[in-house]
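Presented below is the structure to which this report refers.
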Amino acid sequence: MKSSRIEFPGSQGDMLAARLDAPNGPVRGYALFAHCFTCGKDIAAASRISRALTAAGIAVLRFDFTGLGNSDGDFANTNFSSNIADLLAACDFLR
33 MKSSRIEFPG
43 SQGDMLAARL
53 DAPNGPVRGY
63 ALFAHCFTCG
73 KDIAAASRIS
83 RALTAAGIAV
93 LRFDFTGLGN
103 SDGDFANTNF
113 SSNIADLLAA
123 CDFLR
């Protein structure tokens, strides 16, 4: 598995910290991993799921929502709708 640390702009303009895990062989598809409400992209479960998916040829983008983990911004200024918008920003980045 090849892993790259990246950043992309989130829904509120803050830079979101992310990790793109890619299989060693050909990429068969892409997955976007959204962590639980107050967790982050580097929790053990996210790492294990990402390793399993990359072993099956699927690249995985996992990121920290605005104000969490290594992402910029203030968590107090986020809500369910802004988290959905961050997910859409992650989708746009994958494209």
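Here the sequence shown is numbered in this note's numbering, starting from 33 and rising by one per residue.
For glycine and all other residues, C-beta sits at the position ideal for the given N, C-alpha and C.
Neighbourhood of residue i by C-beta, 7 Å cutoff - its chain only, sequence neighbours within 5 removed
{"i": "Ile81", "result": "Phe65"}
{"i": "Ala78", "result": "Phe65, His67 and Arg94"}
{"i": "Asp96", "result": "Leu48, Ala49, Gly72, Lys73, Asn102 and Ser103"}
Distance between beta carbons of residue j and residue i, contact taken as under 8 Å
{"i": "Ser103", "j": "Ala49", "result": "5 Å"}
{"i": "Arg94", "j": "Arg51", "result": "5 Å"}
{"i": "Ala54", "j": "Ala91", "result": "4 Å"}
{"i": "Phe40", "j": "Ala121", "result": "7 Å"}
{"i": "Ser108", "j": "Leu85", "result": "It is worth fixing the name first, because residue 108 is Ala in this sequence and not Ser. Ala108 to Leu85, Cβ: 32 Å. No contact."}
Bridge-paired residues (DSSP) for residue i
{"i": "Ser35", "result": "Asp53"}
{"i": "Ile90", "result": "Gly61"}
{"i": "Phe40", "result": "Leu48"}
{"i": "Phe95", "result": "Ala50"}
Under 8 Å between C-beta atoms of residue i and residue j
{"i": "Thr98", "j": "Gly89", "result": "no"}
{"i": "Gly101", "j": "Asp74", "result": "yes"}
Cβ neighbours of residue i in the same chain (closer than 6 Å, five flanking residues each side left out)
{"i": "Gly42", "result": "Leu48, Thr98, Asp118 and Ala121"}
{"i": "Ala76", "result": "none"}
{"i": "Thr110", "result": "Thr98 and Gly99"}
Below-8 Å beta-carbon distance, residue i vs any chain B residue
{"i": "Pro58", "result": "No chain B appears in this structure, which consists of one protein chain only."}
Own chain residues within Cβ distance below 8 Å of residue i, not counting five before or after
{"i": "Asp123", "result": "Position check: residue 123 holds Cys in this sequence, whereas Asp was assumed. Closer than 8 Å at the Cβ level, and outside the excluded window around Cys123, lie Leu64."}
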